[in-house]
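Student: Just so you know, the protein sequences line up as chains A and B, in that order.
At position 1005 of the first sequence (counting the first as 1) the number is 1005 in the working numbering, and the numbers step up by one without a gap.
Heads up: take any position in the second sequence, counting from 1, add 1018, and you land on the working numbering.
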Amino acid sequence: MSSSRPIRRLQRCWLVLAGAAGLLLATMPSRAETVAPRAEDAEFFESQVRPLLLQHCAECHSTAAGEPEGGLSFDSRADFLAAEGVAVAGHPDKSLLVQVVRYDGDLQMPPAGKLSAAAIGTIEEWVRRGLPWPDDGKQATVATFDIAARRAEHWCWHPPQAAMPPAVNQPTWCRSDLDRFVLARLEAADLAPAPEASREVLVRRASEFLTGLPPHPGDVARVSADPDPLAYEKYVDQLLASPHYGERFARHWLDVAHFCETRGHEFDYPIPNAWQYRDWVVRAFNADLPYDQFVREQVAGDLLDHPRVTAAGVNESVLGTGFWLLGEEVHSPVDIRQDEADRVDNRIDTFGKAFLGLALGCARCHDHKFDAISDEDYYAIAGMVMSSSYRQVPFETLEHNRGVADRLAEAQATLRRSLLPRLEGLTGISATTEPPSEPISGTIPTAVETVLADYTTDRQPTALLCDAAAWGVVATGQPVVTAGAEGAQPSIRVEPLGHASSAAVWAQSRSSTEREAGALGKVDRAGRVLRTPKHRITQGVLWHRIRGHLQIAAIVDGHVMFAGPLYGPHVTTVDTKGEWKWIRQDLRRDIKDWDTGHVVHVEYAAVEGEARVAEVVEALEQPVRTDSAWPVRMNDALVAVDWTTGEAAELLAVAVRHAADVDTIMVDAKLVSATAPALLDGNGIDQFVLLKGSAARPGEVSPRRFLEAIDGPEQPPWPRHSSGRKELADRVLDPANPLTSRVIVNRIWHHLFGRGIVPTTDNFGKLGEAAADPQAQALLDSLAVRFIAEGWSTKRLVREIVTSSTWRMSSSPTAVAMRQDPLNLLMHHYPLRRLEGEAVRDKILAVSGRLDRTLGGASIEVFLNDFHEGRGRPKPGPLDGGGRRSLYTKIRRNFLPSFLLAFDMPTPFQAMGRRTVTNVPAQALTLMNDPFVIEQALLWAKQTLAKPSLSPEQRIDRMYRAAFARPPAAAEQSAAVEFLAEQTALHGGDFTADPRHEAAWADLAHALINAKEFIFVP
Amino acid sequence: MPLPCPETSSSRREFLDWGTQGLAATALATLLHAESIAAEADSRAAPLPRAKRAIHICLVGGLSHIDSFDPKPALERLHGTKLTLDEQPDIFFGQVGLLRKADWTFHRRGESGLEISELFPHIAGLADELTILRSMESKSANHTPGLMLANSGFEFIGFPSMGSWISYGLGVENESLPAYVVLNDERGPPNSGAATWSSAFLPSSHQGVVLRGGEQPVADLFPARPIDPARDRATREFVTAIDRQRVADPAVEDLITARIKAYELAARMQASIPEVANLAAETTATHAAYGVDSPTTADMGRRCLLGRRLLEQGVRFVQIFSGGPIAGSPRASWDAHENVRENHGHEAARIDRPVAALLRDLRQRGMLEDTLVIFTTEFGRTPFTQSAADKVGTGRDHNRYGFSCWLAGAGLRPGTAIGATDDIGWKVVERPIPWHDFHATLLHLFGIDHERLTFYHNGIQRRLTNVHGDVIREALA
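#1: Going by DSSP, what residues sit across from S1135 of chain B in a beta bridge?
#2: In or out: T1149 of chain B buried (at least 16 other Cβ within 10 Å) or exposed?
#3: Measure the C-alpha to C-alpha separation of S509 of chain A and E610 of chain A and round it to an integer number of angstroms.
#4: Rounding to the nearest angstrom, what Cα-Cα distance links P1018 of chain A and T1275 of chain B in this structure?
#5: Run through the DSSP bridge pairs and tell me what V529 of chain A is partnered with.
#6: Quick one: does L925 of chain A have its CB under 8 Å from some CB of chain B?
#7: Figure out for me which residue from A:R747, A:G882, A:K692, A:S332 has the closest Cα to the Cα of E69 of chain A.
#8: Under a CB-based cut-off of 8 Å, is P1247 of chain B close to chain A?
#9: Just how far apart, CA to CA, sit F145 of chain A and L680 of chain A?
#10: Within 8 Å of any Cβ in chain B, is that where the Cβ of G22 of chain A sits?
#11: Could you have a look at A21 of chain A and say whether DSSP puts it in helix, strand or coil?
#12: As an exercise, report each continuous beta strand (DSSP E) stretch of at least 3 residues that is fully enclosed by the stretch 1137–1180 of chain B, in chain order.
#13: Mind checking who P270 of chain A pairs with in its DSSP beta bridge?
#14: Does DSSP classify R612 of chain A as helix, strand or coil?
#15: In chain A, which residues lie with their C-beta within 9 Å of the C-beta of P1348 of chain B?
#16: Let's test the definition: count the other Cβ atoms within 10 Å of the Cβ of A946 of chain A and tell me whether it reaches 16, buried, or not, exposed.
#17: Since H1224 of chain B is in the beta strand (DSSP E), which residue starts that stretch and which ends it?
#18: Look at L465 of chain A and R547 of chain A and say whether their C-beta atoms are less than 8 Å apart.
#19: Identify, in the order they occur along the chain, each residue of the same chain with its Cβ nearer than 8 Å to the Cβ of E998 of chain A, setting aside the five sequence neighbours on each side.
#20: Take H1416 of chain B as the anchor and find which of B:S1158, B:L1101, B:N1192 has the nearest alpha-carbon.
#21: Specify, as a first and last residue, the run of the alpha helix (DSSP H) that I336 of chain A falls within.
#22: Please state whether the Cβ-Cβ distance between R528 of chain A and A470 of chain A is less than 8 Å.
#23: Suppose the cutoff is 6 Å on Cβ atoms and the five residues either side in sequence are ignored; what does the same chain contact list for A1011 of chain A look like?
#24: For D930 of chain A, decide whether its Cβ has a neighbour in chain B, counting only Cβ atoms nearer than 8 Å.
#25: Taking D904 of chain A as the query, report the chain B residues whose CB atoms sit under 8 Å from its CB, ordered along the chain.
#26: Give me the residue from A:I710, A:P171, A:D686 with the minimum Cα distance to R704 of chain A.
#27: In whole angstroms, what is the alpha-carbon distance linking R77 of chain A and S62 of chain A?
#28: Pick out whichever of A:A553, A:P490, A:E495 has its Cα sitting closest to the Cα of A519 of chain A.
#29: Could you pull out every unbroken beta strand (DSSP E) segment of at least 3 residues lying fully inside the stretch 1243–1316 of chain B, listed in chain order?
#30: I need the straight-line Cα distance from Y379 of chain A to R873 of chain A, nearest angstrom please.
#31: Check whether the stretch 982–993 of chain A touches the stretch 1243–1261 of chain B, counting contact only when three or more Cβ pairs, one atom from each stretch, lie closer than 8 Å.
#32: Is Y830 of chain A helix, strand or coil by DSSP?
#33: Please go through the same chain and pick out, in chain order, the residues whose beta-carbon is closer than 8 Å to the beta-carbon of I860 of chain A, but skip the five residues on each side of it.
#34: Taking the alpha-carbon of A981 of chain A as reference, which of B:A1237, B:D1085, B:A1069, B:F1256 has the nearest alpha-carbon?
#35: Measure the C-alpha to C-alpha separation of F36 of chain A and D135 of chain A and round it to an integer number of angstroms.
#36: Between the alpha carbons of L23 of chain A and L107 of chain A, how many angstroms are there, rounded?
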């Protein structure tokens, strides 16, 4: 396929243009002269055409400029001929080249400005003459995109191999295999590893890097003094069992998922309940959820055959899919299709970087410039992303209510089975002899109707897609008990029209947590939503055949952020007052280009009472339907039946009992649940390749499949009835996938050493930075292979690393080692590392005694100072964040916490597995002057002074141990006393008389927070 | 910064990104610039630096080009007629009313004869200094993406703004002031707030620093509670003493020195920022020229004057917003959906005199030689009104297909207009200028090849101009 790629791409452009111009040239071959041109034509080319091409085209269409744009090069005749489809010899009007220089279509060349009329005339003349170009004897040089070649030449596509740990001279230094790899490299360079750090340092290091909190001073003392040689290992186990471990590693993962709780753009609307995803990540790390399951639940947690359900019946797995829903959302996007393309792009980019360490986003506009990723790969995955939709899932009641719905469906089916034949007997009207009506009436040409969903059982029933379990299908002819008018005898009727139904009880479902913003949020949709499959439609008018009081939301191109001036007509509420009605919804007010096709699905939510949906159709005129006649006739006959005697009475008794049974079943329905952002699966969509990434320029369809470089060009077809995310998860986690295990192992290494074996944690491609040497690569591969073999346990891996001799090295290198390897690539010492902003803030809270160690829950509003301005500014939260860990500060896209930002907290826009670490004056200003720091310093002082009996030295000792996990040296002790004395004097006091002057002690606390050792971990 | 090639430069790049020397990042960047120029001298010459600093007047909303810098006499004739469109325009509300002529009269100005309308009488007086770009195009007709595109070249949050790139590319001139300063409209910042001047993945030292009035002009510049300077000093000295005490090995000495330097710098900022922000140091005549004494122009006048003072003190990039949050009533930005005459008349009166005074002041001080003045808008406005199809309304919708911005100062060809829209100002017909070209040109004027000012982020060499951008040669002197 490789050699044909540039040509295919040109043909795609060709198709678009041909379509626009109403021409049918897509398959027409182009031909340049194959014989030598006549002398005057050659002269014409050389004197007039070639200079034009050189001046206006060669800047982009030449191998001299790198890869020629669109695979078209004017370097040589051979290059030009290699790109078929550019021009039709002899036919200027049929030639793409002429169209683009005339600026006739979407593709306009040269982009810098239209050529002069004379120059365009020259090009036309050249085409008319048959494209004469003297053979210069050169070979085509256009580089072609060749997946196989690229795959072969770059390490990341090759499966990891477990290597034997190398032999070392000092085997006693090694505690594990990984140490042997590290030591072998050092020995080869004639370097010695740094000596083991003290227990004190190890305890601090382990505590701060495994939990993000300083060690308890008591633990430092206990472990340091413990004669047990395994005391440190035991302490590590204690940390791994601490819930703060999950908080720490969750924050790392949230950088990758660019976790955020608002949608940004102009008004920064909330992503309701996004914190549920954050807590899911915390729980996953604490429970040591095997990493393969961790990935599977994020990619497709809504589609698992056996979701994880807690003892309380809560569906955990579905929460993982919140991963996809943490991006920016624009309200009132003018170009709704491009907006979807951008949203999908962010999701694909995040997916690729997070799980595969690949910059898939680079293949949006063209094949990846360097990696074995084609634009078809990109759009194959885009289809899966587009197939699913957003919902707020009632995850607490979902599983339980599925059981209720199943029992209900069972009861209905049983009733129909047992009663209908007897009703036939009773009335003499057959429910089976009459064939169902034609799918669509003949009075309207079928071509103008698109059926989005049809729940009438007479035709082709559409699969039910809903956010919970509220909807079921009621078949045509389903017997129902009709209560008579006041005091009259109840009787039996049959449903005249099959439909999807949501019993009245479900309309009382509600969310116990945050609701949607904007128009959708006017109804509490939790647990009430029915979703149709998606269809590409071209007219923009929908007809809903419904009964009841419902909210109808037409979701066009996945746009759900309904607020602001555009797309108001897409969400509407209708009450049909108990009648079946066709409701018209016109979506043409804000979208005018329906003829070019938009992908649409509809969501219904009951507002109150029973809600029914039979059909939804796109059509300009009201659809005409001929429903089955027999139920009507049967009902007419049933009117005449005397229900008080004989078989009729028996049937009625059965039906009444059934109605009572249904009531009993429905009593079990749980109507209140917390909700969380999650995906709702739909029918599969195969997306077009979008030329240059533009939604206005669709090319060929790229059917859903996994990356060709991993799974090859021939793959089993993806399912039609589903997005295929479940299959996608399988492919990501296939043991033969060379990336997934390496990427996570490398991430964990990065978090524990401050630098990955592959330093670019999110990009293992050609532009990433590879492992420093083959030995380092072998180390990564061995860990990755074993990671899978030992059950994808992240805790096991963390434990192995932090108990290794490599991790235990001191952070003081020798002068020799620093000279030879100043960047510590060989790992001759443990790097001195600065804490992240979150850990700095948490540590300040910990030492001051303000830290509230509560786990999880809704976020604490971000504290805002005068510099936080903008639309959607929330009510500011408390200065100290309620004492909660930074993980629980609300992440609002447009109002990020300034303290954390100063310490390099990333903007939640794209996957960020590796933060930058800077040292800027703003950090000094923050630690010196920020009101939070000053407040906490005072709290720390108060806490230090609380016990009246201690000496100043004892208090200083405590503060040093809390801040630095070590006692002060004698010189430090005396310097601190001296400082306290001076400060007390400056406050107008006398230290000898008043050794507990609060403000002076606050100054000391403030100074300790500002000491380098507070935020740098040895 | 430009890097010879990923393979050979990895360790240095690694050092840049990963090291703890954020302070040194700009300086190193400058160093690398010189180095790579030497390395690649044979392939491409770096452009000659003409600008050393820039001041950006950033209009929030959309300025109607056909009412200001892009005269369309044909609209006089076509006023009240219908524009037939062959495709649905990507505007905002989608209502296509009848064509409307400009609400302000255009005149030829200065020796150059550049036509500018009476909407900006004072700026028009400096027409001979302006290089008007009449063929700007944008990718989005939505406000926030439009503003993001103008600032960072991308329509999303998460990419560094041009001020950050310039700070990163050139480094700081005066370390006791931020390299990139933002001055917001008194009515509030643009909707996207701090994301607009974010350094995104560039080191945080390159982010725009908002300067405000009052006792705390920069966040956390001074202690949250009043503090005796002697105590503050004592605390700093003690911190330094603690840090020095722990210097046991040479490996961490650099780190500690850098950290101590950061603290010293922070202290210097406490003195230099209030000093530069003190407008009382300027004469009454200057205040009057900038319009500081008149209620309509006071806000913009103060900020333009402060902008000039900041530039004088070595700030690289000053960004002054004209317009606050989008939406709301009455409108506080250049978003004339309802009534161009009222909205633009009101907004222009706020900024015309101050901006003209700034230009004159810079010229008079000889600073226009190496200072770039940048005047942008998110997009233009439609030649037809936002009204029923058979009405000439009073407001105009967004027009991303053609609009005007202007530049003045360092290295530009003054008194010229580049490119053109069609007869009615609907679409560009000559020399389209996407934002990438605009940004490429700015960097060029700073002596930076836009394809070589890159930052290696997560495996991708990021650029202000993404993978596009052509310098607008016609605009250069």
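We put the beta carbon where it would ideally sit given N, CA and C, even for glycine.
Bear in mind the structure is a predicted one, so any value in this text is a computation, not a measurement.
Tutor: Let me spell this out:
#1: Start at 1 with the first residue of the second sequence, and residue 1135 of chain B comes out as number 117. Bridge partners of S1135 of chain B according to DSSP: B:F1124.
#2: The count along the second sequence starts at 1 and reaches residue 1149 of chain B at position 131. With a 10 Å radius around the Cβ and a threshold of 16 neighbouring Cβ atoms, T1149 of chain B comes out buried.
#3: Working through the first sequence from its first residue, we reach residue 509 of chain A at position 509. Working through the first sequence from its first residue, we reach residue 610 of chain A at position 610. It is roughly 12 Å from the alpha-carbon of S509 of chain A to the alpha-carbon of E610 of chain A.
#4: Taking the first residue of the first sequence as 1, we reach residue 1018 of chain A at position 1018. Taking the first residue of the second sequence as 1, we reach residue 1275 of chain B at position 257. Each residue's CA atom was taken as its position, placing P1018 of chain A and T1275 of chain B some 17 Å apart.
#5: As a working mapping, residue 529 of chain A is identified with position 529 in the first sequence. Its beta-bridge partners are A:A605.
#6: By 1-based counting over the first sequence, the position of residue 925 of chain A is 925. Using a Cβ-Cβ cut-off of 8 Å, L925 of chain A counts as an interface residue toward chain B, since at least one Cβ of chain B sits closer than that to its own.
#7: The count along the first sequence starts at 1 and reaches residue 69 of chain A at position 69. Comparing alpha carbon positions, the residue from A:R747, A:G882, A:K692, A:S332 closest to E69 of chain A is A:K692.
#8: Taking the first residue of the second sequence as position 1, residue 1247 of chain B is located at position 229. Closer than 8 Å: no.
#9: Counted from its first residue, the first sequence places residue 145 of chain A at position 145. Counted from its first residue, the first sequence places residue 680 of chain A at position 680. Near 36 Å, if we compare the C-alpha coordinates of L680 of chain A and F145 of chain A.
#10: By one-based count along the first sequence, residue 22 of chain A stands at place 22. Caution is warranted here: a pLDDT of 31 is assigned to G22 of chain A, below 50, making its placement in the model unreliable, and the coordinate value is therefore given only provisionally. Closer than 8 Å: no.
#11: Residue mapping note: residue 21 of chain A aligns to position 21 of the first sequence, counting from 1. Low per-residue confidence applies at A21 of chain A: pLDDT is 33, beneath 50, and the placement is therefore not dependable, though the value from the model is reported in the following sentence. A21 of chain A: helix per DSSP, three-state reduction.
#12: Counting whole runs of 3 or more residues, the stretch 1137–1180 of chain B contains the beta strand (DSSP E) stretches 1148–1155.
#13: Walking along the first sequence from the start, residue 270 of chain A turns up at place 270. For P270 of chain A, which the question treats as bridged, DSSP gives the partners A:T262.
#14: Counting from 1 along the first sequence, the entry for residue 612 of chain A is found at position 612. Taken through DSSP and simplified to helix, strand or coil, R612 of chain A comes out as strand.
#15: Locating residue 1348 of chain B in the second sequence gives position 330, where the first residue counts as 1. Ordered by position in chain A, no residue passes the 9 Å Cβ test against P1348 of chain B, which lies about 16 Å from the chain.
#16: Numbered from its first residue, the first sequence carries residue 946 of chain A at position 946. Around the Cβ of A946 of chain A, a 10 Å sphere holds fewer than 16 other Cβ atoms; the residue is exposed.
#17: As a position in the second sequence, residue 1224 of chain B is number 206, starting the count at 1. No beta strand (DSSP E) contains H1224 of chain B, which DSSP labels as neither H nor E.
#18: The residue given as residue 465 of chain A occupies position 465 in the first sequence. The residue given as residue 547 of chain A occupies position 547 in the first sequence. Not a contact, by the Cβ cut-off of 8 Å.
#19: Residue 998 of chain A sits at position 998 when you count from the first residue of the first sequence. Excluding residues within five positions, the ones whose Cβ falls inside 8 Å are L938, A941, K942, L945.
#20: Here residue 1416 of chain B refers to the residue found at position 398 when the second sequence is read from its first residue. Minimum Cα-Cα distance from H1416 of chain B among the listed residues B:S1158, B:L1101, B:N1192 corresponds to B:S1158.
#21: Locating residue 336 of chain A in the first sequence gives position 336, where the first residue counts as 1. Looking at the DSSP string, the run of the alpha helix (DSSP H) that includes I336 of chain A is 336–351.
#22: Along the first sequence, one-based indexing puts residue 528 of chain A at 528. Along the first sequence, one-based indexing puts residue 470 of chain A at 470. Yes, the pair counts as a contact, with Cβ atoms nearer than the cut-off.
#23: The residue labelled residue 1011 of chain A in the question sits at position 1011 within the first sequence. Nothing meets the Cβ criterion.
#24: Within the first sequence, residue 930 of chain A is the residue found at index 930, counting from 1. It does: the Cβ of D930 of chain A has a partner Cβ on chain B nearer than 8 Å.
#25: For the purposes of this step, residue 904 of chain A is identified with residue 904 of the first sequence, where counting begins at 1. Near D904 of chain A (Cβ distances below 8 Å), the residues of chain B are S1222.
#26: Taking the first residue of the first sequence as position 1, residue 704 of chain A is located at position 704. In terms of CA proximity to R704 of chain A, A:D686 leads the group A:I710, A:P171, A:D686.
#27: For the purposes of this step, residue 77 of chain A is taken as residue 77 along the first sequence, with counting starting at 1. For the purposes of this step, residue 62 of chain A is taken as residue 62 along the first sequence, with counting starting at 1. Whole-angstrom Cα-Cα distance: 12 Å.
#28: As a working note, residue 519 of chain A is residue 519 in the first sequence. Nearest C-alpha to A519 of chain A among A:A553, A:P490, A:E495: A:A553.
#29: Within the stretch 1243–1316 of chain B, no beta strand (DSSP E) run of at least 3 residues lies entirely inside it.
#30: Numbered from its first residue, the first sequence carries residue 379 of chain A at position 379. Numbered from its first residue, the first sequence carries residue 873 of chain A at position 873. The alpha-carbon atoms of Y379 of chain A and R873 of chain A are separated by roughly 37 Å.
#31: Yes: at least three Cβ pairs fall under 8 Å.
#32: Walking along the first sequence from the start, residue 830 of chain A turns up at place 830. Y830 of chain A falls in the coil class under three-state DSSP.
#33: Your numbering for residue 860 of chain A matches position 860 in the first sequence. Counting only Cβ-Cβ distances below 8 Å, and skipping sequence neighbours, we find G877, P878, G881, G882, R884, Y888, T889, K890.
#34: Working through the first sequence from its first residue, we reach residue 981 of chain A at position 981. Selected option, being the one with the closest Cα: B:F1256.
#35: The residue you call residue 36 of chain A lines up with position 36 of the first sequence. The residue you call residue 135 of chain A lines up with position 135 of the first sequence. At residue 36 of chain A the sequence reads Ala, which differs from the Phe that was named. So the two alpha carbons sit approximately 7 Å from each other.
#36: Looking up residue 23 of chain A in the first sequence gives position 23. Looking up residue 107 of chain A in the first sequence gives position 107. Residue placement at L23 of chain A cannot be trusted, given a pLDDT of 31 that sits under 50; the coordinates are not used to answer.
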